[in-house]
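All residue numbers for the sequence shown refer to full-length UniProt numbering, where the first residue is 1 and numbers rise by one. Beta carbons are placed, not taken as given, at the ideal position from N, Cα and C, and that holds for glycine.
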Amino acid sequence: ADQISDAVVDYCLKHDKDSRVAVETLVKDNHVILAGEVKTGAILTDEILRELAANVIHDIGYTDQAEIFNSTDFEFQNLIGLQSQDISQGVDQANSEVIGAGDQGIMYGYACNETTTKMPLAYTLACKLMERQQELLHDEINVLRPDAKAQVTLEYNDAGEAIRADTVLLSTQTTHDVDAEFISQYVRDEIIRPVIGDLIDEDTIILVNPTGRFVVGGPVGDCGVTGRKIVADSYGGAARHGGGAY
1 ADQISDAVVD
11 YCLKHDKDSR
21 VAVETLVKDN
31 HVILAGEVKT
41 GAILTDEILR
51 ELAANVIHDI
61 GYTDQAEIFN
71 STDFEFQNLI
81 GLQSQDISQG
91 VDQANSEVIG
101 AGDQGIMYGY
111 ACNETTTKMP
121 LAYTLACKLM
131 ERQQELLHDE
141 INVLRPDAKA
151 QVTLEYNDAG
161 EAIRADTVLL
171 STQTTHDVDA
181 EFISQYVRDE
191 IIRPVIGDLI
201 DEDTIILVNP
211 TGRFVVGGPV
221 GDCGVTGRKI
231 VADSYGGAAR
241 HGGGAY
């Protein structure tokens, strides 16, 4: 959902650098619904918006037409309208160097020196776990599916330094015909240990698909809405959040 909304923003800015775009996406089963408000010179037809959504769905990996949710056969609804003139006039300013506010909100910024990216180490490791999972979607074994999530819990010493991984949790969607024990070992060997490395010790708790099965996933397993995962998209719980979406 987030990536489809992002694709609409990118498309609008590509065709009109002064575009204002507030677009929400809802995905459930084989339905994709776009809603929101825009002020842009870009042409946004149903066909263009559907193609933007289809490209995102395809790139994520939902390409199998035998599955309920795929990049070819989905129901699409466009509920995007024009930005309210009442809001627009609050943003428009006679002075081009001044940008008016179209809304109010609470914004937080955060940085730390744990990593070169200035992001918390646990968050960075969780992201790397997901990157590795995505890399393996089309390897020769081919047992993983796109839906996945990870959580890393670290233990720190009194100096504020990470000394070990307390818990590493990774849940990944799989194909129908794969053994749970095989997936557990495969994920440990190919994803978790290469990423977490020496932070794993004999007491580290490693959990892979702890419910025992994860075949039904994506929008079929859980409805997706733009902005629902802002904690996972920002600092992973290490800092405050103002709400809303980006």
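Query                                                                                                            : Result
With 16 other Cβ atoms within 10 Å as the buried cut-off, status of N142                                         : exposed
Nonlocal neighbours in the same chain, by C-beta distance under 6 Å from G61, ignoring five residues either side : L137 and P146
Endpoints, alpha helix (DSSP H) assigned at D6                                                                   : D2 to H15
Through-space distance from E67 to A53, alpha-carbon basis                                                       : 17 Å
Local Cβ density within 10 Å of K14, reported as buried at 16 or more and exposed below that                     : exposed
Minimum length 3: unbroken beta strand (DSSP E) runs contained in the region 24-78                               : 31-39
Exposure label - Y110; buried when at least 16 CB within 10 Å                                                    : exposed
Short Cβ contact (8 Å threshold) for L154 with A122                                                              : yes
C12 versus I205 - alpha carbon distance                                                                          : 46 Å
Residue from T63, H31 and L144 with nearest C-alpha to R50                                                       : H31
Cutoff 8 Å; reference R132; Cβ partners in own chain excluding five residues on either side                      : E190, I191, P194 and V195
Endpoints, the beta strand (DSSP E) within which Q151 is located                                                 : L144 to Y156
For F76 and residue 253, the rounded distance between their alpha carbons                                        : With the chain covering 1 to 246 only, the question about residue 253 has no answer from this structure.
Within 8 Å, strictly: CB atoms of T63 and N70                                                                    : yes
Close Cβ partners of I33 (< 6 Å) along its chain, the five nearest in sequence each way excluded                 : L26 and Q77
I191, DSSP secondary structure in three states                                                                   : helix
For R164: DSSP bridge partner residues                                                                           : E155
Collapsed DSSP secondary structure at I206 in the structure displayed                                            : strand
Span of the alpha helix (DSSP H) around E135                                                                     : L121 to E135
Cβ distance (whole Å) where Y108 is taken to contact R240 below 8 Å                                              : 5 Å
Spatial neighbours of G149 in its chain, beta-carbon cut-off 7 Å, leaving aside the 5 residues before and after  : The displayed chain sequence assigns Lys, not Gly, to residue 149. Here the set comprises S171.
Per-residue burial, N113 [other beta carbons within 10 Å of its own, 16 or more giving buried]                   : exposed
Opposing strand residues paired with A22 [DSSP bridges]                                                          : E37
Check: Y156 C-beta below 7 Å from any heavy atom of the ligand NAP                                               : The ligand NAP is not part of the structure shown, which contains no ligands of any sort.
Cβ contact check for the region 217-226 and the region 156-170: 3 or more pairs under 8 Å                        : no
Bridge-paired residues (DSSP) for V215                                                                           : Beta-bridge pairing links V215 to no other residue.
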